[in-house]
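Counting from 5, one number per residue, gives the positions in the sequence shown under the numbering used here. We treat Cβ as the ideally placed atom computed from N, Cα and C, and that holds for glycine. Below is one structure, written out as structure tokens; comments come after it.
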Amino acid sequence: MKTPPVSSWFIGIAFAAMTGFASAQNLVAPEEGGTQIGWATEAFATNFMADGVTTFEEHGESIRFELGTFAPGFDPTTATPDQWVSNWIVLQGADYDLVDQQVIQTATLTSNDSPFTLNTQAYIWGYTSKDVAPDSQWLLVAAPSWKWPSATSPLPTTFSMSDARPQDALIGSVNPVGGGYHMQFEYVAVPEPSAALLACVASLGLVLRRRR
5 MKTPPVSSWF IGIAFAAMTG FASAQNLVAP EEGGTQIGWA TEAFATNFMA
55 DGVTTFEEHG ESIRFELGTF APGFDPTTAT PDQWVSNWIV LQGADYDLVD
105 QQVIQTATLT SNDSPFTLNT QAYIWGYTSK DVAPDSQWLL VAAPSWKWPS
155 ATSPLPTTFS MSDARPQDAL IGSVNPVGGG YHMQFEYVAV PEPSAALLAC
205 VASLGLVLRR RR
């Protein structure tokens with residue numbers, strides 16, 4: 005089962021806000037000059053951990069998703085995982101809902117100051133931990149349509165994981181051809197020591213042995 009079209013979802017949130025209904029989406033009242041961004045994954049979808057067998061619900065532990073971007077000039081496609089972490093800038097984060105089997109939130113963008121520059125790329129990052137370790141599992145997605153809107157726009161913007169193509173995942177996978185699941189995490193590849201570092205360590209070991 006999929007969520008309704010995101011446009012309908014956002015209209016529903018707006019109605020809830022106008023009627024004073026308590027929304028499960030933690031609707032944030034827009035600040036003066038701000039614009040709202042609705043971001044979500046599919047509800048009641050099948051999502052797998054990195055092993056491709058265990059679902060998010062079976063995993064049972066906290067899974068976090070964040071809407072954000074990277075520092076100006078940073079290209080995650082040419083960087084290492086530890087550099088992703090140090091250059092990541094969050095607009096809003098939320099825990100994956102194990103009951104509704106999704107993330108659905110509304111963020112408020114109050115400024116187009118860097119790094120949330122107009123029409124630059126937005127990302128959604130899911131993870132079990134941001135530690136660059138073999139047991140950490142990540143999903144990082146950047147759909148072409150996810151561009152930061154004008155902070156003064158009166159119209160809401162939506163970033164739906166349903167709009168992402170398989171090739172839009174920088175790590176993990178999303179909406180594979182043929183279906184079967186919505187999202188799947190991937191284990192983080194821990195960078196191997198460089199040849200120069202290994203040579204340095206070997207040289208140090210040789211020196212220490214000689215001193216004995």
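What are the boundary residues of the alpha helix (DSSP H) that residue i is part of?
i: GLU220; result: Because the chain is modelled from 5 through 216, residue 220 falls outside the range shown and cannot be assessed.
i: ASP86; result: 85-91
Which whole-angstrom value describes the C-beta separation of residue i and residue j, a residue pair presumed to lie in contact below a C-beta threshold of 8 Å?
i: GLN109; j: MET53; result: Not a contact, Cβ separation roughly 22 Å.
i: THR39; j: PRO160; result: 7 Å
i: PHE120; j: THR73; result: 6 Å
i: THR81; j: LEU174; result: 7 Å
i: LEU95; j: ALA111; result: 5 Å
i: GLN125; j: ALA155; result: 16 Å between Cβ atoms; not a contact.
i: ALA168; j: VAL181; result: Rounded, the Cβ-Cβ distance is 13 Å, inconsistent with contact.
DSSP puts residue i in a beta bridge; with which residues?
i: ALA47; result: ALA47 is not bridged to any residue.
i: LEU113; result: THR39
i: ARG68; result: ASP99 and TYR131
i: PHE163; result: TRP43
i: MET187; result: ASN51 and VAL178
i: THR73; result: ILE93
Could you give the residue range of the beta strand (DSSP E) that holds residue i?
i: VAL145; result: 141-145
i: TRP129; result: 127-131
i: LEU174; result: 173-175
Checking contacts by CB at 8 Å: is residue i closer than that to chain D?
i: SER118; result: Absent from the structure: chain D. Only one protein chain is present.
Three Cβ pairs or more, each shorter than 8 Å: is that satisfied between the stretch 53-72 and the stretch 98-110?
Because the criterion of three Cβ pairs below 8 Å is met, the stretch 53-72 and the stretch 98-110 touch.
- Item | Segment contact, 8 Å Cβ cut-off, at least three pairs: the stretch 133-148 with the stretch 178-192 | By the C-beta criterion, the stretch 133-148 is judged to be in contact with the stretch 178-192, since at least 3 inter-stretch pairs fall below 8 Å.
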